[in-house]
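Some notes on the structure that comes next.
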Amino acid sequence: MGKERALFVALLAIACLFVLVGYNSQTKIRVAPKEMLSVAHRGASAYAPENTRAAFRKGVDLQADYLECDVHLSKDDELIVMHDDKVDRTTDGKGYIRNMTLAELKTLDAGKQFGEEFVNEQILTLQELVDEFYNEVGLVIEIKNPNDYPGIEEKVVQVLNQYDDLSGIIIQSFDVQSLKKIHSLLPEVEIAILIRPTDSFITAQKVEEYTDFAAYINFNVSFTNKRTVDLVHEHGGKVLVWSKKDRRLIWKAQKYGVDGIISDFSEKPEEMYLAKE
Ligand code: G3P
Ligand code: CA
Numbered sequence: 140m141g142k143e144r145a146l147f148v149a150l151l152a153i154a155c156l157f158v159l160v161g162y163n164s165q166t167k168i169r170v171a172p173k174e175m176l177s178v179a180h181r182g183a184s185a186y187a188p189e190n191t192r193a194a195f196r197k198g199v200d201l202q203a204d205y206l207e208c209d210v211h212l213s214k215d216d217e218l219i220v221m222h223d224d225k226v227d228r229t230t231d232g233k234g235y236i237r238n239m240t241l242a243e244l245k246t247l248d249a250g251k252q253f254g255e256e257f258v259n260e261q262i263l264t265l266q267e268l269v270d271e272f273y274n275e276v277g278l279v280i281e282i283k284n285p286n287d288y289p290g291i292e293e294k295v296v297q298v299l300n301q302y303d304d305l306s307g308i309i310i311q312s313f314d315v316q317s318l319k320k321i322h323s324l325l326p327e328v329e330i331a332i333l334i335r336p337t338d339s340f341i342t343a344q345k346v347e348e349y350t351d352f353a354a355y356i357n358f359n360v361s362f363t364n365k366r367t368v369d370l371v372h373e374h375g376g377k378v379l380v381w382s383k384k385d386r387r388l389i390w391k392a393q394k395y396g397v398d399g400i401i402s403d404f405s406e407k408p409e410e411m412y413l414a415k416e
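In my numbering, the protein residues as written are 140 to 416.
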C-alpha cells in the first residue's frame, strides 16, 4: 500500500471512530437531568406569542422555574416587554419602541401574528409582568441595547425596589457595563452575563472578572463546551445555556453539566428529555 493510500485509510478509520463514539455517547444517556433550572424563553414562546401574557402564563403552566423577558424604553420612558427594538415583527404596528408612547404601544395587537386565538393580546410593561407573575415564578429580565436607552437601569431598579424579596430575580444582558451598573444599584439581585456566540472562547481571567459580580455566565448551547462550563463552576459561577429550537439542548446541557436551560419549550428539563427520547 502506498504512503498516501495508507494515510487516507488511517484518516477514514479515525473519522469512523469519531462518528461511533459520538453516536454511542448520545444514546448511552438514559438518566433524566435533575435539579436543572428551566427558563421559559420570552415565555413559553413555542406555544404562544413571545413576550406576551399568554406566553408567560403558558410558561407557568409548564412549570418553568423562571420566565425570561426582554425590555426596552418607550418614548415616554416606560419599560416595554418586547424582544426587538421595533414592533414590526411581533405586532400589527410599525416603528421603533423608542419613538412610541405607552398609550400608542397599547393599541397594537401582539398576538394575531402568532395565531387567531391570540388576537387582542396586548404589549406588557415590565411593571405589569412583575406584578402579575412574580408571586408565582422567578423572572429573568434582559436589558436590551442599553446604549439606546440612557437611564434604563434606574427604571428597572425602580420597579424591582417595590419588592422586598428579590431572590427570584435575575437581570441579564449582553452589555457588561449595564450589568455592572445594575449590580452597584441593586447588589442583592443575581446578575447574568450573556455571551455572544462570537465571544464564546472565554479566558480564565475574564471568567474571574465576571464572576466577581455576576452569579451566572450564560451561553448559546451551540457555542460552548464542558471545559468552559467547568471553568465558570471553578470560579463559583453558574451557567445557563439557551437554544431556541435545538432538540439536542437537553443532551448537551446534561453533558456539559450546566445549571439550567433557557428554551422556547420550557417544560421541566426532565420532562423535555423524556418527551424527546
Ligand atoms: O436568554 C438568552 C437569550 O434570550 C438571548 O438571546 O436574542 O433571544 O434575547 P435573545
Ligand atoms: Ca432574551
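From the three backbone atoms N, C-alpha and C, an ideal C-beta is built for every residue, glycine too.
So, residue i versus residue j, is the Cβ gap smaller than 8 Å?
i, j, result
"residue 265", "residue 296", "no"
"residue 216", "residue 294", "yes"
"residue 401", "residue 370", "no"
"residue 360", "residue 388", "yes"
"residue 395", "residue 368", "yes"
"residue 356", "residue 321", "no"
"residue 229", "residue 203", "no"
"residue 330", "residue 310", "yes"
"residue 260", "residue 193", "yes"
"residue 208", "residue 226", "no"
"residue 212", "residue 273", "no"
"residue 222", "residue 405", "no"
In three-state DSSP terms, what is residue i?
i, result
"residue 247", "coil"
"residue 372", "helix"
"residue 160", "Confidence in residue 160 is poor, its pLDDT being 42 and thus under 50, which makes the residue's placement too unreliable to answer from."
"residue 264", "strand"
"residue 333", "strand"
"residue 407", "coil"
"residue 205", "strand"
"residue 312", "strand"
"residue 240", "coil"
"residue 256", "helix"
"residue 324", "helix"
"residue 270", "helix"
"residue 339", "coil"
"residue 303", "coil"
Taking the continuous alpha helix (DSSP H) assigned at residue i, which residues delimit it?
i, result
"residue 198", "192–200"
"residue 235", "Segment: none, residue 235 is in no alpha helix (DSSP H) and carries neither H nor E."
"residue 395", "388–395"
"residue 295", "291–299"
"residue 344", "343–350"
Among all the DSSP beta bridges, which residues are the ones paired with residue i?
i, result
"residue 131", "Not covered by the structure: residue 131. The range shown for the chain is 140 to 416."
"residue 210", "220, 282"
"residue 381", "359, 401"
"residue 277", "205"
"residue 225", "235"
Report yes or no: do three or more beta-carbon pairs, one from the region 221–241 and one from the region 310–320, lie closer than 8 Å? no
Counting Cβ pairs closer than 8 Å, one from the region 274–292 and one from the region 246–257, do we hit at least three? no
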